[in-house]
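Asks:
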Amino acid sequence: MTNDEIVLAIKDIIATIAPDEELVHLKMDVRLREQIELDSMDFLDIVMELRKRYGVQVPEQDYMELATLAGCVKYLGPKLADKPLKLASRA
Amino acid sequence: MRYDALIIGAGLSGLGAGIRLAQFGKRVAILEKHSVWGGLNSFYKLEGRLFDSGLHAFTNYVPRGERTRPLGKILRQLRIDHDALELGEQTWSAIRFADAELKFSNDFELLRSEIARVFPSETANFDRLVADLPDYDVLDGRRSGVWARAELTKYFREPLLVEMLMCPLCFYGSAHERDVEWEQFAILFRSLFLEGFARPAGGIRAVLDVLVKRFKAEGGEIKLRSGVRRIVIDGGEARGVELENGAVLEAEHVFSSAGRVETRRLCGAADEAADVGRLSFIEAIAVTERTPRESRFDGTAIFFNDSPRFEYARPDELVDARSGVICTPNNYATPRPLAEGMLRVTLLANYDRWTALGDEDYAREKARATELAFAAAARFAFDVRGREVFQDTFTPRTIERFTGHLGGAIYGSPRKSHDGSSGVERLSLIGTDQGLVGIVGALLSGITIANRREQQSTRTAP
């Protein structure tokens, strides 16, 4: 997956767990929680979907790394490098 | 046979926890003593009619799209569409005391204007209370030790207003006699007044169907008629359960919705009898040909009291008919109206007195309590007496038999475990004694504790 695809992958996961959110305008460097209604419960779902779709384990102490889209790209980049993008939402 | 998680009780908290754990990829089974699911909020059939066992109102109602309130959160977590519940909103409800009435609806302005009408000098104080109300994160179990009656007295000069506000909040969720913890008051105030009442078109059964389907679709397993005899403990840790039929199931973690004291007993501890809840209820149900509207009653729920002070406590007598809740499932704007008229009246009851009765006395006292309930309904809402085509009443005895809650205590023990800890490793409490009440509260309870467990299990050793 390229960096752009990682952003797509994360947006697709968010679209699955929060289908009503508008995701087109999400900024890379602003915390996701400040841009859309995401609480810690939803966050657990992002981690869950990463494991289910890509087999990536994110331990609790690394959750903070996923706070922004840029953080996701940085943290997940090496872990997703050889994984193909899977889109599940209807978005 | 080894499970990642076993859940005791297929009530709403068990189903909520079960769906989440299955979503996390866990191998999970829910063990239910009865032949149907639902627990406190279940259903039964009598003479071809379907009855809800606990459902008066689906509290915490917010419209589709309100994602930050508890209903929005649980739907999102469980991936259930708001429309699937087919919720119909209430018309209006009221707190009716001997000398005063306050109406409220899902539009909070109605309650505000009623306070201004009945207690004009308290209007600003009421606004101040609402503004100060802790936006209590239901996931946070901290308790300040402050009680609602004392706190409300700091806001209001009119003792009657304090009593009137306490009445619906106690009846819809206090495990304590005479009072509510301040945080619980805030949760209930939001769920009743700032959010609202609705009814699923298909009653509780339709909600349970949606949840059970969801649970099974995620790969979960429900075992009905599978009562748990004991929780197997070894070295201070839960290792699984032994069923009443002798089968032993092993698990990584056990979640119990049986209640605090009930779970302790399943662990082999005989103590804590003092923690059994003292508040139980009877509920009298009348089915009539005529709908409540045809009896010129178009309200939904009436919280009534005609004693000088609202006394929310275990009565000395079998029942206390001075206060209670009257509810008409007909008067919700659901897509499909009910075929017949229905009235439900709830009164406080004394568990010890009800269980001490012999069979003959029990039948007679049940009929007498039903009369008192319908007489109260006639005083505060409308009269069904002489027009019942069917009648059923459940008592503290019925509640204990079908829910397993000791003392027939609907709201469980006054000692809650807000973080779900049970005192035993690998065993968590969910449901009523975790502290959240109502359909949405119970689901949130199961979800929250399951989430916490998942989060802990992804924690790697430092």
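Sequence lines, in order, name chains C and D. Heads up, the working numbering is the position in the first sequence plus 28, with the first residue counted as 1. Heads up, the working numbering is the position in the second sequence plus 1151, with the first residue counted as 1. Glycine included, C-beta positions come from ideal geometry on N, C-alpha and C.
Using a C-beta cutoff of 9 Å, does C/MET92 count as contacting chain D?
Replies: Translated into positions along the first sequence, residue 92 of chain C becomes position 64. Chain D contact via Cβ: absent.
Asks: Are D/GLU1491 and D/VAL1438 touching if we call contact CB-CB under 9 Å?
Replies: Against the second sequence, residue 1491 of chain D aligns to sequence position 340. Against the second sequence, residue 1438 of chain D aligns to sequence position 287. Result yes, Cβ atoms of D/GLU1491 and D/VAL1438 sit closer than 9 Å.
Asks: Give me, in chain order, the residues of the same chain whose beta-carbon lies closer than 8 Å to that of D/SER1204; leave out the 5 immediate sequence neighbours on both sides.
Replies: Here residue 1204 of chain D is taken as the residue at index 53 of the second sequence, counted from 1. Correct list, in chain order: GLY1189, LEU1191, ASN1192, SER1193, PHE1194, TYR1195, ILE1355, PHE1545 and PHE1553.
Asks: Note down, in chain order, each residue of its chain lying with its Cβ closer than 6 Å to the Cβ of C/ALA95, except the 5 sequence neighbours on either side.
Replies: Looking up residue 95 of chain C in the first sequence gives position 67. Closer than 6 Å at the Cβ level, and outside the excluded window around C/ALA95, lie ARG59.
Asks: Mind checking D/ARG1465: buried by the 16 CB within 10 Å criterion, or exposed?
Replies: Position 314 of the second sequence, counting from 1, holds the residue named residue 1465 of chain D. Buried, by the Cβ-count rule.
Asks: Considering only their Cβ atoms, is the gap separating C/LEU97 from C/ASP67 smaller than 9 Å?
Replies: To locate residue 67 of chain C, count along the first sequence from 1; it is residue 39. To locate residue 97 of chain C, count along the first sequence from 1; it is residue 69. Not closer than 9 Å, so no.
Asks: Can a CB atom of chain D be found closer than 9 Å to the CB of C/LYS80?
Replies: For the purposes of this step, residue 80 of chain C is identified with residue 52 of the first sequence, where counting begins at 1. So, interface residue.
Asks: Using only the alpha-carbon positions, how far apart do D/ARG1178 and D/VAL1313 sit?
Replies: The count along the second sequence starts at 1 and reaches residue 1178 of chain D at position 27. The count along the second sequence starts at 1 and reaches residue 1313 of chain D at position 162. Answer to the nearest angstrom: the Cα atoms are 49 Å apart.
Asks: Compare the C-beta of C/LEU72 against all C-beta atoms of chain D and say whether one is closer than 9 Å.
Replies: The residue labelled residue 72 of chain C in the question sits at position 44 within the first sequence. So, interface residue.
Asks: Quick check on this structure: which residue in D/GLU1468, D/GLY1475 and D/ASN1481 has the alpha carbon closest to the alpha carbon of D/LEU1508?
Replies: Position 357 of the second sequence holds residue 1508 of chain D. Answer by Cα proximity: D/GLU1468.
Asks: If you measure beta-carbon to beta-carbon, which residues of the region 36 to 66 of chain C are closer than 9 Å to chain D?
Replies: Correct list: THR44, ILE45, ALA46, PRO47, ASP48, GLU49 and GLU65.
Asks: Using a 10 Å radius around the Cβ and a threshold of 16 neighbouring Cβ atoms, would you call D/PRO1547 buried or exposed?
Replies: Translated into positions along the second sequence, residue 1547 of chain D becomes position 396. Flag for D/PRO1547 reads buried.
Asks: If we ignore side chains and look at the alpha-carbon of each, how far apart do C/LEU78 and D/GLY1347 end up?
Replies: As a working mapping, residue 78 of chain C is identified with position 50 in the first sequence. As a working mapping, residue 1347 of chain D is identified with position 196 in the second sequence. C/LEU78 and D/GLY1347: Cα-Cα distance of roughly 36 Å.
Asks: Is the Cβ of D/ARG1341 closer than 9 Å to any Cβ of chain C?
Replies: Here residue 1341 of chain D is taken as the residue at index 190 of the second sequence, counted from 1. No, D/ARG1341 does not count as interfacial toward chain C.
Asks: Give me, in chain order, the residues of the same chain whose beta-carbon lies closer than 6 Å to that of C/LYS39; leave out the 5 immediate sequence neighbours on both sides.
Replies: Indexing the first sequence from 1 puts residue 39 of chain C at position 11. Within the same chain, C/LYS39 has close Cβ partners LEU51.
Asks: Going along chain C in order, which residues have a C-beta closer than 7 Å to the C-beta of D/THR1219?
Replies: Start at 1 with the first residue of the second sequence, and residue 1219 of chain D comes out as number 68. The answer, in chain order, is GLU65.
Asks: Could you tell me whether the Cβ of D/TYR1273 comes closer than 9 Å to any Cβ of chain C?
Replies: Along the second sequence, read from residue 1 onward, the residue named residue 1273 of chain D stands at position 122. One point to set straight first is that residue 1273 of chain D is Glu, not Tyr, in the sequence displayed. So, not an interface residue.
Asks: Can you look up D/SER1407 in the DSSP assignment and give me helix, strand or coil?
Replies: Taking the first residue of the second sequence as 1, we reach residue 1407 of chain D at position 256. Note: D/SER1407 maps to strand in three-state DSSP.
Asks: Rounded to the nearest angstrom, what separates D/PHE1259 and D/GLY1419 at their Cα positions?
Replies: Residue mapping note: residue 1259 of chain D aligns to position 108 of the second sequence, counting from 1. Residue mapping note: residue 1419 of chain D aligns to position 268 of the second sequence, counting from 1. Approximately 48 Å between the Cα atoms of the pair.
Asks: By DSSP, does D/CYS1418 sit in helix, in strand, or in coil?
Replies: Here the question's residue 1418 of chain D lines up with position 267 in the second sequence. If DSSP states are grouped into helix, strand and coil, D/CYS1418 belongs with coil.
Asks: If we define contact as Cβ-Cβ less than 9 Å, is C/ALA119 a contact residue for chain D?
Replies: By one-based count along the first sequence, residue 119 of chain C stands at place 91. Reliability fails at C/ALA119, whose pLDDT of 47 lies under 50, so the model's placement of it is uncertain and the value that follows must be treated cautiously. No, because no Cβ of chain D sits closer than 9 Å to the Cβ of C/ALA119.
Asks: For D/GLN1335 and D/TYR1483, which I take to be in contact (beta-carbon distance under 8 Å), what is that distance rounded to the nearest angstrom?
Replies: Residue numbering aside, residue 1335 of chain D sits at position 184 when the second sequence is read from its first letter. Residue numbering aside, residue 1483 of chain D sits at position 332 when the second sequence is read from its first letter. Incorrect: roughly 25 Å between the Cβ atoms, too far for contact.
Asks: Among residues of its own chain, excluding the 5 on either side of D/ALA1527, which ones have a beta-carbon nearer than 8 Å to its beta-carbon?
Replies: Locating residue 1527 of chain D in the second sequence gives position 376, counting from the first residue. So the list reads PHE1455, ALA1472, GLY1475, ILE1477, VAL1496 and LEU1498, once near-sequence residues are dropped.
Asks: Within 10 Å of its beta-carbon, does D/THR1479 have 16 or more other beta-carbons around it, so buried, or fewer, so exposed?
Replies: Your numbering for residue 1479 of chain D matches position 328 in the second sequence. Flag for D/THR1479 reads buried.
Asks: Give me the DSSP bridge partner(s) of D/VAL1496.
Replies: As a working note, residue 1496 of chain D is residue 345 in the second sequence. Note: D/VAL1496 sits in a beta bridge opposite D/ALA1435 and D/ILE1477.
Asks: Anything in chain C within Cβ reach of D/PHE1307, meaning under 7 Å, just list it in chain order.
Replies: Your numbering for residue 1307 of chain D matches position 156 in the second sequence. What D/PHE1307 touches in chain C: nothing, since even the nearest Cβ is about 34 Å away.
Asks: Assuming contact is defined by CB atoms lying nearer than 9 Å, are D/ILE1181 and D/ILE1598 in contact in what I supplied?
Replies: Working through the second sequence from its first residue, we reach residue 1181 of chain D at position 30. Working through the second sequence from its first residue, we reach residue 1598 of chain D at position 447. No. Outside cutoff.
Asks: Whose Cβ in chain D lies nearer than 7 Å to the Cβ of C/MET76?
Replies: As a working note, residue 76 of chain C is residue 48 in the first sequence. GLN1174 and PHE1175, listed in chain order.
Asks: Return the first residue and the last residue of the alpha helix (DSSP H) that C/SER68 is part of.
Replies: In the first sequence, residue 68 of chain C corresponds to position 40, counting from 1. That run of the alpha helix (DSSP H) goes 68 to 82.
Asks: Per DSSP, which one or two residues make a beta bridge with D/ARG1456?
Replies: Along the second sequence, one-based indexing puts residue 1456 of chain D at 305. Checking the displayed sequence, the identity of residue 1456 of chain D turns out to be Asn instead of Arg. Its beta-bridge partners are D/PHE1248 and D/SER1474.
Asks: Using three-state DSSP, classify D/TRP1188 as helix, strand or coil.
Replies: Mapped onto the second sequence, residue 1188 of chain D falls at position 37. It is coil, neither helix nor strand.
Asks: Which residue from D/LEU1595, D/ILE1600, D/GLN1606 and D/LEU1172 puts its Cα closest to that of D/LEU1222?
Replies: Here residue 1222 of chain D refers to the residue found at position 71 of the second sequence. Of the listed residues, the one whose Cα sits closest to D/LEU1222 is D/LEU1595.
Asks: So who's on the other strand from D/VAL1379, going by DSSP bridges?
Replies: Start at 1 with the first residue of the second sequence, and residue 1379 of chain D comes out as number 228. Beta-bridge pairing links D/VAL1379 to D/LEU1394.
Asks: Between which residues of its own chain and D/GLU1551 is the CB-CB distance below 6 Å, once the five residues before and five after are set aside?
Replies: As a first step, residue 1551 of chain D must be located in the second sequence, where it is residue number 400. GLY1559, listed in sequence order.
Asks: Using the Cβ count rule (16 or more neighbours within 10 Å means buried), how would you classify D/GLN1228?
Replies: Your numbering for residue 1228 of chain D matches position 77 in the second sequence. Looking at its Cβ environment, which holds 16 or more other Cβ atoms inside 10 Å, D/GLN1228 is buried.
Asks: Beta carbons nearer than 9 Å to chain C: which residues of the region 1575 to 1604 of chain D have them?
Replies: Answer in chain order: ILE1598, THR1599 and ASN1602.
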